[in-house]
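Asker: These protein sequence lines are chains Y and U, in that order.
Counted the way our numbering counts, the first sequence spans residues 19 to 462.
Counted the way our numbering counts, the second sequence spans residues 11 to 492.
Ideal Cβ positions, reconstructed from N, Cα and C, are used throughout, including at glycine.
Predicted model, so just to flag it, every value in this text is computed and none were measured.
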Amino acid sequence: MPFIANTDEQREQMLNESGMSAEDLFADIPADLRCERLKIGRGLSEQEVRRHMAALSDKNASGLISFLGGGFYDHFVPAAVDAMASRSEFYTAYTPYQPEVSQGTLQAIYEYQSAICRLTEMEVANASLYDGGTAVYEAVMMAMRITRRNRVIVDETVNPVYRKMLRSYTTNLGIEFVQTSWHDGLADREKIAAELNDQTAAVVVQNPNFFGCLDDFADLADAAHKHGALLIVSCYPISLGMVQTPGQMGADIVVGEGQSLGLALSFGGPYLGFMATRKKFVRKMPGRVVGRTVDSEGRGGFVLTLQTREQHIRREKAMSNICTNEGLCALTATIYLSLLGKEGLRELAQTCADKANYAQKRLLEIPGVTTHFPNRWYFNEFVLRLPVASAQRVIRRLLERGISAGFPLSRYYDDMENSLLVAVTEKRTKEQIDLLAHALEVSL
Amino acid sequence: MKLIFEKSVPGRRAYRPADNDIDAPARIPKNFLRDRPADLPELSELDVVRHFTELSNRNFGVDTGFYPLGSCTMKYNPKVTERISHYPGFVHLHPLLPQLPGGEMLVQGALAVLHDTDMMLREICGMAAFTMQPLAGAHGELTGSMIIAAYHADKGNDKTTILIPDSSHGTNPASAATAGYDVQTVPSDDTGVMDIDALAEVMNDKVAAVMLTCPNTLGLFNPRIKEICKMAHDVDALVYYDGANLNALLGRCRPGDIGFDLVHVNLHKTFATPHGGGGPGAGPVGVCEKLIPFLPTSVIADKPDGSYWLDYDRPKSIGYIAPFYGNFAVILKAYIYTLMLGTDGLERVSENAVLNANYVKEKLKAHFDLPFGQTCKHEFVLSASRQAKNGVRALDIAKALIDRGFHPPTVYFPLIVHEAMMIEPTETESKETLDTFIAAMIEIAELAQSNPEELTGCPRTTPVGRLDETLAARKPDLASLE
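(1) Alpha helix (DSSP H) containing Q368 of chain Y: first to last residue?
(2) Any chance you could list the beta strand (DSSP E) runs of at least 3 consecutive residues sitting entirely within the region 257-293 of chain Y, in chain order?
(3) How far does the beta strand (DSSP E) with C477 of chain Y in it reach, from first residue to last?
(4) Strictly below 8 Å CB to CB, what residues from chain U border D76 of chain Y?
(5) Along the region 433-461 of chain U, where does the CB come closer than 9 Å to a CB of chain Y? Name the residues.
(6) Could you have a look at L439 of chain Y and say whether DSSP puts it in helix, strand or coil?
(7) In whole angstroms, give me the CA-to-CA distance for V312 of chain Y and E372 of chain U.
(8) Quick one: using the 10 Å Cβ neighbour count with 16 as the cut-off for buried, is P35 of chain U buried or exposed?
(9) To the nearest angstrom, how far is it from the Cα of R324 of chain U to the Cα of T307 of chain U?
(10) Quick one: is L425 of chain U near chain Y, going by C-beta distance under 7 Å?
(11) Does the distance from the C-beta atom of N343 of chain Y to that of S186 of chain Y stay below 7 Å?
(12) Could you name each continuous alpha helix (DSSP H) segment of 4 residues or more that falls completely within the region 68-134 of chain U, going from the start of the chain to the end?
(13) If L349 of chain Y and A126 of chain Y are in contact, beta carbons under 8 Å, what's the gap, nearest whole angstrom?
(14) For a quick check, are the C-beta atoms of S104 of chain Y and D92 of chain Y less than 7 Å apart?
(15) Between which residues of its own chain and P419 of chain U is the CB-CB distance below 6 Å, once the five residues before and five after are set aside?
(16) V133 of chain U CB to nearest chain Y CB: under 7 Å?
(17) Taking CB distances under 7 Å as the criterion, tell me whether N257 of chain U reaches chain Y.
(18) Whose C-alpha, out of U:T201, U:T353, U:F304 and U:G296, is nearest the C-alpha of M137 of chain U?
(19) If contact means a Cβ-Cβ distance below 9 Å, which residues of the region 189-217 of chain Y contact chain U?
(20) Name the chain Y residues that come within less than 8 Å of F140 of chain U, Cβ to Cβ?
(21) Just how far apart, CA to CA, sit Q266 of chain Y and M303 of chain Y?
(22) Check D433 of chain Y in the structure and name its three-state DSSP category.
(23) For the ligand GTP, any of its heavy atoms closer than 6 Å to the Cβ of G122 of chain Y?
(24) Quick check: the Cα distance between L116 of chain U and D234 of chain Y, rounded to an integer number of angstroms?
(25) Can you check whether the C-beta of T353 of chain U is within less than 7 Å of a C-beta belonging to chain Y?
(26) What are the residues of the region 262-277 of chain U that lie near chain Y, defined by any Cβ-Cβ distance shorter than 7 Å?
(27) Rounded C-beta distance between L392 of chain U and L411 of chain U? I'm assuming under 8 Å.
(28) What are the residues of the region 329-343 of chain Y that lie near chain U, defined by any Cβ-Cβ distance shorter than 8 Å?
(29) Would you grab the beta carbon distance between Q116 of chain Y and V308 of chain Y for me? Rounded to a whole angstrom, and I think it's under 8 Å.
(30) Quick check: the Cα distance between E16 of chain U and R411 of chain Y, rounded to an integer number of angstroms?
(31) Since T223 of chain U and D205 of chain U are thought to touch, with beta carbons under 8 Å apart, how far apart are those beta carbons, to the nearest angstrom?
(32) Residues in its own chain within less than 6 Å of T471 of chain U by CB, not counting five upstream and five downstream?
(33) What first and last residue would you give for the alpha helix (DSSP H) that runs through Q224 of chain Y?
(34) Could you give the uninterrupted runs of the beta strand (DSSP E) lying entirely in the region 153-185 of chain U, keeping only those of 3 residues or more?
(35) Kindly say whether A482 of chain U, judged by its beta-carbon, lies nearer than 7 Å to any beta-carbon of chain Y.
(36) At what residues does the alpha helix (DSSP H) containing Y109 of chain Y begin and finish?
See below:
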């Protein structure tokens with residue numbers, strides 16, 4: 019089923035009219051470079067492939083009651099999101115190089131950039147990056163371009179996967195990385211202050227951090243700025259329905275994972291890296307950007323702009339190598355945010371916070387279950403310290419009962435053997451939280 | 011058309027979150043809260059649906075019409091792949107599940123998709139193993155460049171430079187530079203392929219790799235490609251295959267057999283996953299045997315009982331380049347597409363892609379300059395220099411095509427052709443569609459002689475005319491803030 023229209027007769031006719039034979043088509047490939055027939059097998063019909071894929075889908079656990087987060091969240095997606103993002107005029111188009119026939123994509127991306135700025139209270143945003151991790155990396159590179167320095171301080175409560183990615187990408191670039199450990203659940207101010215100096219390009223932090231704890235980075239922004247360094251904040255966009263914005267805190271570059279804005283979990287992608295910054299830094303920002311302009315008759319319209327920063331113009335001197343980004347995911351996020359609206363997003367955030375608050379209280383009633391950070395506030399995710407038994411064993415037992423209880427922090431933090439990171443979204447009911455509490459209690 | 015923010019009516023709602031069944035609200039202290047809600051639009055569901063439907067009507071996709079955007083392989087995206095990507099076992103699957111104790115057994119179907127796609131890509135490309143993690147073509151190039159660096163570091167080689175032809179995609183030099191390499195450009199010869207003498211002059215012990223597409227961006231297969239690989243290997247440089255143009259070679263010739271050490275494949279091009287208006291894509295990277303230890307973490311492995319697991323214990327790996335296992339839903343669609351094609355279908359893809367390109371080329375070569383006239387592969391490049399003498403440039407031809415119902419070809423690329431128009435019809439287009447396009451191009455060529463002013467005012471049928479890009483760049487308006 020190769021989805022080819024032309025018949026043998028048409029092919030014959032086309033060859034004739036081109037003055038070619040079928041053999042001529044590949045005659046330019048030297049004979050010793052031709053391959054044998056591939057061993058891929060017989061092509062399947064639609065019915066066959068659906069049967070095969072349904073069987074594979076059934077081998078995945080789809081009915082778990084999930085309290086698993088860690089930066090990737092099981093939020094509800096209204097039907098209208100997929101209905102609009104599935105319009106094939108959007109999804110079968112490519113990068114809007116020809117603005118006259120791409121105003122749909124371009125205006126949607128402009129609206130996306132605007133929505134990201136309004137969410138984060140920043141001034142400009144790009145058209146998307148691959149994911150939250152590459153966005154952190156691009157933000158670090160951008161800060162080094164702006165400050166012309168190459169020392170970066172990264173707080174250990176930034177998502178550990180993102181910190182690993184940052185390390186991989188910068189292996190060969192001669193960057194001095196300093197990781198500062200946390201104190202009582204938050205970025206350690208004293209340690210950061212001790213590491214900040216006039217060679218520092220940026221301080222990288224996250225809110226809510228990987229433990230779910232809420233922070234206010236206004237003091238860190240001041241401290242960084244005093245040394246001419248930038249503050250990079252990674253954040254969770256749904257939390258911004260209620261949580262203090264990085265813009266208000268004085269962040270210079272704001273990034274994050276946009277999966278929670280209407281995108282399915284889909285086993286890790288496609289996701290959406292977002293990036294916003296101050297106007298003064300826009301020409302150092304990586305990635306596509308859409309701008310508003312006018313045509314010769316004065317009608318408003320949208321184009322890809324500031325392209326002289328990009329790889330197709332600047333080649334090896336470009337701000338980044340990114341070309342294809344996550345356009346459809348940015349469109350999806352825009353539709354999602356438009357449906358939720360001002361009040362909807364606020365209510366959603368409050369609902370998540372309420373449910374998480376209830377869950378934490380309920381789970382802390384279980385004998386022996388405590389919290390690492392009794393003095394901290396959180397949005398929709400928190401850390402539990404389990405008694406004696408390792409979190410690993412408890413998680414396994416609960417999975418057998420159809421509950422994904424959370425993430426074992428020991429995977430990334432050596433000293434947190436018994437700790438469980440629990441996330442609660444609006445999709446979880448009080449009943450499910452009670453079920454988790456009961457199952458946890460009997461599993462200890 | 012108004013922005014969605016301008017349609018907002020205070021108090022209007024489209025969505026209410028699930029009933030909040032918790033009596034006691036969370037009381038987060040004020041210093042952690044924002045002063046006022048984010049100024050998002052307030053609309054009904056119908057308002058939102060009308061807005062995005064209207065926007066979609068201002069867009070042109072493969073489903074709208076012929077989209078011969080060179081080097082982008084805008085082939086038809088089968089609908090069944092969209093449907094299957096929403097199956098419940100795929101769409102709601104949390105990526106951290108396999109990192110939980112016993113969690114790998116909860117995602118065996120998804121791991122099977124990744125594993126089997128890897129196996130099929132190995133067979134198609136002749137490589138020893140793939141990582142499915144790179145999230146786009148350029149991301150694959152960067153991953154490849156990092157693997158190249160890790161290989162040389164491991165061997166103690168002191169290498170500084172990656173060689174790239176002047177006809178390359180801009181991402182190639184940008185990716186090499188992003189990985190920390192110097193870039194040296196190698197010119198093309200007068201047949202349009204890499205100048206092998208020029209290559210010999212710059213090939214030395216400092217060269218870490220040669221990175222190129224084959225067929226190249228002119229649609230030409232380099233007959234001396236094997237020699238190029240040998241020249242690189244003689245100085246222990248690696249050869250990287252940019253798979254943007256792999257569509258032309260499916261089932262005919264494999265990069266691994268030619269001698270390439272690394273390959274990336276653009277699943278959103280060759281394997282028919284939708285381009286999404288600029289992503290998401292996927293750019294899996296394949297490597298030869300000796301580079302397997304350097305692949306990103308994690309790697310999918312199988313057990314004797316046929317189940318799959320994720321190997322994170324890889325001391326020589328370049329580390330994490332994506333948060334998880336790649337753009338899974340994109341890989342899933344490519345997997346379904348390949349299953350539906352099979353061996354036979356893959357061969358028919360390359361045959362028809364190459365035939366369609368040569369057919370259009372032969373029909374148009376009398377009307378436009380064709381700098382390189384040999385048999386092309388999946389695409390070819392015309393020059394509008396003849397028309398430019400009458401004031402009709404490639405851009406004018408592009409805009410005139412829009413008025414005739416076509417998406418324009420890639421213009422002004424590759425940089426080595428003056429007034430370039432790069433045309434890639436793809437295999438899924440019918441002769442009727444190609445004939446209509448050919449007729450439109452000939453009509454435009456004739457108008458360029460008889461009435462050039464007619465063309466310089468195009469497009470006339472679109473919601474906006476040519477937009478002022480200088481203004482956009484000089485006074486950037488990048489967001490509507492309250």
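Answerer: Here's the rundown:
(1) On the first sequence, residue 368 of chain Y is found 350 positions in, with the first residue counted as 1. Counting along the chain, the alpha helix (DSSP H) containing Q368 of chain Y begins and ends at G345 to L382.
(2) 271-275
(3) Limits of chain Y in this structure are 19 at one end and 462 at the other, which puts residue 477 of chain Y out of reach.
(4) Taking the first residue of the first sequence as 1, we reach residue 76 of chain Y at position 58. Chain U residues near D76 of chain Y: G99 and G119.
(5) E437, T438, E439, S440, K441, E442, T443 and L444
(6) The count along the first sequence starts at 1 and reaches residue 439 of chain Y at position 421. It is a strand residue.
(7) Counted from its first residue, the first sequence places residue 312 of chain Y at position 294. Counted from its first residue, the second sequence places residue 372 of chain U at position 362. One alpha carbon belongs to V312 of chain Y, the other to E372 of chain U, and they sit about 39 Å apart.
(8) Locating residue 35 of chain U in the second sequence gives position 25, where the first residue counts as 1. That one is exposed.
(9) Indexing the second sequence from 1 puts residue 324 of chain U at position 314. Indexing the second sequence from 1 puts residue 307 of chain U at position 297. Rounded to whole angstroms, R324 of chain U to T307 of chain U spans 7 Å at the Cα level.
(10) Position 415 of the second sequence, counted from the start, is the residue given in the question as residue 425 of chain U. For L425 of chain U, the answer is no, since every Cβ of chain Y falls outside 7 Å of its Cβ.
(11) If you number the first sequence from 1, residue 343 of chain Y lands on position 325. If you number the first sequence from 1, residue 186 of chain Y lands on position 168. Pairing N343 of chain Y with S186 of chain Y gives a Cβ-Cβ distance that is not under 7 Å.
(12) 89-95 and 98-101
(13) Against the first sequence, residue 349 of chain Y aligns to sequence position 331. Against the first sequence, residue 126 of chain Y aligns to sequence position 108. Indeed, because the Cβ distance is near 5 Å, the residues count as touching under 8 Å.
(14) Taking the first residue of the first sequence as position 1, residue 104 of chain Y is located at position 86. Taking the first residue of the first sequence as position 1, residue 92 of chain Y is located at position 74. No, the pair does not count as a contact, with Cβ atoms beyond the cut-off.
(15) Along the second sequence, one-based indexing puts residue 419 of chain U at 409. Hits under 6 Å: P78, G80, M431, M432 and I433.
(16) Position 123 of the second sequence holds residue 133 of chain U. The sequence given here has Glu at residue 133 of chain U, not Val. It does; some Cβ of chain Y falls within 7 Å.
(17) Walking along the second sequence from the start, residue 257 of chain U turns up at place 247. It does not: the Cβ of N257 of chain U has no partner Cβ on chain Y nearer than 7 Å.
(18) Along the second sequence, read from residue 1 onward, the residue named residue 137 of chain U stands at position 127. Per the Cα distances, U:G296.
(19) Within the region 189-217 of chain Y, the residues whose Cβ lies closer than 9 Å to any Cβ of chain U are, in chain order, T189, N190, L191 and G192.
(20) Looking up residue 140 of chain U in the second sequence gives position 130. The contacting residues do not exist; F140 of chain U stays about 15 Å from chain Y at best.
(21) In the first sequence, counting from the first residue as 1, residue 266 of chain Y sits at position 248. In the first sequence, counting from the first residue as 1, residue 303 of chain Y sits at position 285. Approximately 20 Å, taken between the alpha carbons.
(22) Residue 433 of chain Y sits at position 415 when you count from the first residue of the first sequence. Of the three classes helix, strand and coil, the one that applies to D433 of chain Y here is coil, per DSSP.
(23) The model depicted lacks the ligand GTP and carries no ligand whatsoever.
(24) As a first step, residue 116 of chain U must be located in the second sequence, where it is residue number 106. As a first step, residue 234 of chain Y must be located in the first sequence, where it is residue number 216. When rounded, the distance between both Cα atoms is 38 Å.
(25) Numbered from its first residue, the second sequence carries residue 353 of chain U at position 343. Yes, its Cβ sits closer than 7 Å to a Cβ of chain Y.
(26) Taking a C-beta cut-off of 7 Å against chain Y, the contacting residues of the region 262-277 of chain U are R262, C263, R264, D267 and I268, listed in chain order.
(27) Against the second sequence, residue 392 of chain U aligns to sequence position 382. Against the second sequence, residue 411 of chain U aligns to sequence position 401. That belief does not hold up - the Cβ atoms of L392 of chain U and L411 of chain U are roughly 12 Å apart, past 8 Å.
(28) Q329, H330, I331, R332, R333, E334, K335, A336, S338, N339, I340, C341, T342 and N343
(29) Here residue 116 of chain Y refers to the residue found at position 98 when the first sequence is read from its first residue. Here residue 308 of chain Y refers to the residue found at position 290 when the first sequence is read from its first residue. 14 Å between Cβ atoms; not a contact.
(30) To locate residue 16 of chain U, count along the second sequence from 1; it is residue 6. To locate residue 411 of chain Y, count along the first sequence from 1; it is residue 393. Answer to the nearest angstrom: the Cα atoms are 53 Å apart.
(31) Numbered from 1 along the second sequence, position 213 holds the residue referred to as residue 223 of chain U. Numbered from 1 along the second sequence, position 195 holds the residue referred to as residue 205 of chain U. Not a contact, Cβ separation roughly 16 Å.
(32) Here residue 471 of chain U is taken as the residue at index 461 of the second sequence, counted from 1. Only D413 meet the Cβ criterion.
(33) One-based indexing of the first sequence puts residue 224 of chain Y at position 206. Segment T218 to N225 is the beta strand (DSSP E) holding Q224 of chain Y; no alpha helix (DSSP H) there.
(34) 171-175
(35) If you number the second sequence from 1, residue 482 of chain U lands on position 472. Residue contact check for A482 of chain U against chain Y: a CB pair falls below 7 Å.
(36) Within the first sequence, numbered from 1, the residue matching residue 109 of chain Y stands at position 91. Note, Y109 of chain Y: alpha helix (DSSP H), S106 to Y109.
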